[in-house]
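In full-length UniProt numbering, the protein residues as written are 1 to 1123.
Glycine included, each C-beta is placed from N, C-alpha and C at the ideal position.
Each remark here refers to the structure printed beneath this line.
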Amino acid sequence: IVKMLKFITKKSQHVSAERLKVQRELFAFNKTACHGFPHCPTALAWDPFLELFAIGTKTGSLRVYGAPGVEYVVEHDASSPVIELHFVPKQGRLITLLENNTLHLWEINMKGAEDSVLEHVESCTVDSKLRIFTCSVQSSGDHLYLGTEGGNIHLLDIKSFQMTDTIIYQDLVTQNVPEDYKINPGGVEAIAEHPLDPNKMVIGYSRGLMVLWDNESLNADQTYICNKDLHSVSWHGSGTKFMSAHNDCSYFVWSVNSSKAIESMEQCYGPYPCKAINKILWKRTTGKDDFIIFSGGMPRANYGDRHTVSVKHGETSKVLDLTSKVVDFFTVDKEADDPETAEPVALVILAEEELVVVDLVSDDWPSFALPCLSSLHSSAITCTNHFCNVPQDVWDKLLEEGRKQTLQCSTKPWPLVGGRVTCEESSQHDLLVTGHEDGSVRFWDASGSCLRQLLTLRTARLFGAGDGPSSFHAAPEEEEEEEWLHFHKVGTFDPYSDDPRLAVKKVLFCLQTGRLVVAGTAGQVVCFSFNPEESEVTPEAVQLNFVGDRDSFVWKGHDALQVKNCAVKSEAGFHPDLVLQLAPPAGVTALALHSKWGLVAAGTAHGFGVLDYVQKKVVVSKCTLNPNDLAASGDMMSRRKSFKKSLRESFRRLRKGRSQRGRKDKSMTKSPESRRPRRGEEEGSTSSAVASPASRHNESAIDPGSPLSEAKPVERQVEARSTDDALSSMVRCLCFSSSFILHNAATTPTLWAGTNSGAIFVYTLAFPPSDKRDSDPVQCTLGKEIHLKHKAPVISIHIIDARGYPIADPFEEEPKGLVPPQRVLICSEEQLKVFTLPSLKPFGKLKLTAHEGARLRKAAIARFQSRSDPARTEYCLAVLSNLGEVALHSLPDLRRQMLEACLRREDINGICSLVFTKDGEGFYLSSPCEFERFSLSAKRMVAPHCQVDLPEGVRPQPPQPQEPQGGKEEEKAEAAAPAATAAEGEQLKEVDSKAASTSEAKPEEATATAEKKPELSSSAATSPTSPKEESSEGGDDDKGGLDSPPDSGISSLVITKNESNFTTTTSTVGDLKSLELDDLLPADHEALADKLRSECKIEVVREKRTVVVVREETLVNGSSPTN
């Protein structure tokens, strides 16, 4: 009986109400923040009053930024590129123009007491025949000018967000221009409002015609003609002149009093042909020379492929050279006493791959160090790791080293300061570390919602590759030309890597000692130590060969990097002290570090080894290649399969599938004793212990406390892996831990290694006494060896206690209160398995691929705290599948606590880049330059909380709902209601006699009832038939209408829903109508009853998406209410 009760309790999958409540307090999936630079930006806008700027992207994303931490991220419903962005001045409102010819209005509104959100308010679809070239918002915020390809200017009323009937026709504007321009002046290329008189504006057409237009008199005050294509117009602050930029890098200055140019600059960078100036700004300053800033204009032959922004200030000029295309730019101006002047303090340049902010006040115009919106992909990200709870002393060292790397940046305060952050600063320091394609490692402050770069560490300087192609020697002629053009490199985006072998594959950082280990693509493992003083050291190189002198193996991959033999000068911070070179030089696939033991373990596709970096020598080396791989003469290690081999394997799988289908029915007749058991049918068949030098264990002995006795659900057939798989020897995970691997008396330092073929190797470590640690060797012997029968790749190994708490992480302090016995959690791509240590008896398992068809890609143990009970903490296993789903499983019983769709299954880059944190959060690359941050914890959610304070009275009041119409319209409604009733009464074939007699006996009551109903109706009641009634009566799926059978003695009411107010349209005895309605809530029933001013019982019958109305049973003055 006891065994049966245990079986029932173990088998039960029911979750109690109390547990559900606990789950809600512990777990919650939320996407909380987006870090990095927006992917593919297409538009930029700046609000100088609120000091906010907005970025629109190619995918329809909209971002609004202010001070660091002030951030709003929204998406348009249609993933159409954002063409233009415009702030409505001072109102916290933003207008977007999409490529699909739709306009959208967004508002920053308060949500709660301290937070504000960016909300979509209105949208307007522009006629598809109108192709919009440019937009401009009136300074009053009343209208939006829309310049079209046809040359006309349409107006959008911002308050109602509807197109107005007012059109500034091109024929009217061009009345006084020459005939050749009057015929085809081109589309509207620029609209620039006068800085002092909002009734005047310059209208520029693409062929070079410009008109000073007066909106009050509807007349052209001045006409300007240039025989060059126009690209941009900018007013002078005084309002007496403006500047036009053209397609050949020339710009002209025009006066409001003369139609001829008063100043011209032909081909700024001539005499050779130059590219067009895309945008120009003219800034007037107090008592100084004006600023002239423009993008483009480079000589086509020599520098046509450069992306530049030129800045001219008197005799000082500089060409800012960027590595990606310039999208747009603006200046941040300081408030001046004279409204006609502007004091630019910073230039903000939005490029396709980065944001650059230049200080225009300091000498030499240095760039600012970005506190946010950093270019994460300045070199492509190749690996990511996260470290929680960095100690304060280590954090201070990182900050100090980061300050030294920004000495060349501007020391002025950050100029973009719109809005304010409302959340408290995090007391916990979290670190996000990224490895890059050029061999650099970047440290990011991930403590808050704003991802800030701390420092950059470069490993390329340690290798000989840095002396070759990386150095660039320009020709003398080019140097002189660049000296004349004053090129100045700005930005950090550099997508070009000198050597692909430098790419970083794994990064580990010890939070207690500051030890850093970086592993790369060519088998290089670099160990760094933190030194507070400057020094010159020559890194020592150690070789580790997995294959040895086997003649049958031939490596066909790339060569190893050459470590420099000279001394490397290092400033205070990370100093390289050792380089481990693995052979063959394949990419490092697994890495482990234990600073207290002084050991580093690294694995590749050929094997793994352990390095003692204290004594700088190899402790142990293990080759994981099987004999078939070695006999293949290195074909497998060429990192590609031959066509013959691929074709042969394809035919084998095809024949195998056909033969299995042919034997399927025959195999069902065999007895269980005569046939070979299939995978998943035998208990404990997923893994077994294989004999090792230390001991031999049998997995079939099941732990008595294990939940393995649960009933088996229907399983999918998983394709068996061949033993000669080209990747079977790859080492997937390495783990240092102190565990009960030999006996229960004491823990033993161990190394766990898992491979792609489902093999787990357990090595025991023996250390000499502390006084002889520098001289005596560390002993490392194979203790146990486990082979999973399903041969799935092992992606992670964790040692846990009886409650599921993880044993000490090498980077954290020793936990307290661990409860024996220890267990090992082995996560393969197909299953989760728990074994009891040291016996290695199976304790529990969860088959994911067989039951759900999913394969695990990432797994990590995370800590979850209750948001209501601080004393309650649980550890769960967070996993990510190839379907993009994130799940949480309790430990050690592996019960699922949560399952959420986090990514699209097609997003391979996002799935491969995802990293879990120990606090229940996660990061993944949503694009090459953006990290999406999500939380699985109900308590810990790091999200932006900010607010924008708007001046009082700047935003217009929303339109008030229309009042019911009276007078003649009420009389019309009263006359229309009996007429409609009479018409419908003639169409009815059957009417209840009781209802008919009641209607004849009480005409006065019917009239009184009819008099009340126009008070409830709006515009729908004044028309005989509303559009909704026509669609509902004429539809094929209509369940009511005139063809519906009458219901004797029932008074029905057909209603429509307009702006959340119910309105009556007809009231007919015995006539059941239907109306398409999304939803009718109980609260709506009460509102309807209150509107009728009577006690009504309303019953709603739902059929598909149709609501069939309404039965009214209450009598009025003792009789049934009629029309």
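Contact set for residue i: own chain, Cβ-Cβ below 7 Å, skip 5 residues either direction
i	result
leucine 399	Leu454
threonine 223	Asn176, Val177, Val211, Ser259
cysteine 623	Phe546, Val547, His606, Gly607
residue 1126	A query on residue 1126 cannot be resolved here, the shown segment of the chain reaching from 1 to 1123 and no further.
methionine 298	Tyr269, Cys274, Lys275, Gly304, Arg306, Thr308
serine 16	none
aspartate 612	Gly598, Leu599, Val619, Val778
DSSP three-state assignment for residue i, whether helix, strand or coil
i	result
alanine 996	Reliability of the predicted coordinates at alanine 996 is poor, the pLDDT of 40 falling under 50, and no value is obtained from them.
cysteine 450	coil
lysine 664	Any reading at lysine 664 is ruled out, since the residue's pLDDT is 45, under 50, leaving its predicted position unreliable.
tyrosine 181	helix
glycine 922	strand
serine 16	coil
asparagine 545	strand
valine 517	strand
threonine 538	coil
glutamate 25	helix
residue 1124	In the structure as shown, the chain starts at 1 and stops at 1123, and residue 1124 therefore has no counterpart that could be examined.
alanine 261	strand
glycine 402	helix
In DSSP terms, what residue i is bridged to
i	result
residue 1124	The structure shown does not extend to residue 1124, since the chain is modelled only from 1 to 1123, so the question has no answer here.
glutamate 84	Leu97
aspartate 115	Lys111
asparagine 385	Val433
arginine 823	Ile800, Thr836
serine 497	Note: serine 497 sits in no beta bridge, so no partner.
serine 828	Val794
glutamate 900	Val886
alanine 560	None, per the DSSP bridge assignment.
serine 295	Lys279, Val309
Residue j beta carbon less than 8 Å from that of residue i
i	j	result
cysteine 902	leucine 888	no
serine 97	isoleucine 132	The identity of residue 97 in the sequence shown is leucine, whereas the question assumes serine. Against a cut-off of 8 Å, the Cβ pair of isoleucine 132 and leucine 97 comes out as a contact.
histidine 231	glutamate 263	no
glycine 418	leucine 52	yes
serine 295	threonine 308	yes
glutamine 138	glutamate 193	yes
proline 89	glycine 141	yes
alanine 541	valine 579	yes
residue 1126	alanine 590	One cannot answer for residue 1126 here, as it falls past the ends of the chain, which runs 1 to 1123.
lysine 784	valine 762	yes
tryptophan 444	threonine 456	no
serine 354	serine 324	A quick correction: the sequence has glutamate, not serine, at residue 354. Cβ distance < 8 Å, so glutamate 354 and serine 324 count as in contact.
glycine 36	serine 374	yes
glutamate 921	arginine 940	yes
arginine 284	serine 255	no
Residue i CB to nearest heavy atom of the ligand COA below 7 Å
i	result
methionine 110	Looking for the ligand COA in the displayed structure turns up nothing, as the structure carries no ligands at all.
Integer-rounded CB distance, given that residue j should sit under 8 Å from residue i
i	j	result
threonine 382	glutamate 437	6 Å
cysteine 450	proline 371	7 Å
phenylalanine 387	phenylalanine 835	28 Å between Cβ atoms; not a contact.
Cut-off 6 Å between Cβ atoms - residues of its own chain near residue i, not counting five sequence neighbours on either side
i	result
arginine 857	Leu880, Asn882, Ile911
arginine 93	Glu107
serine 728	Asn756, Ser757
glycine 147	Phe133, Thr134, Ile153, Val188, Ile191
isoleucine 168	Ile153
threonine 538	Ala567
Cβ shell of residue i (< 8 Å), same chain only, five flanking positions each side left out
i	result
arginine 515	Phe509, Cys527, Phe528, Ser529, Phe530, Leu593, Ser595
alanine 78	Gly60, Leu98, Asn100, Thr102
arginine 823	Ile799, Ile800, Asp801, Ala802, Val834, Phe835, Thr836, Leu837, Phe843, Pro892
Cutoff 8 Å: residue i Cβ touching any chain B Cβ
i	result
proline 198	No chain B is part of this structure, which consists of one protein chain only.
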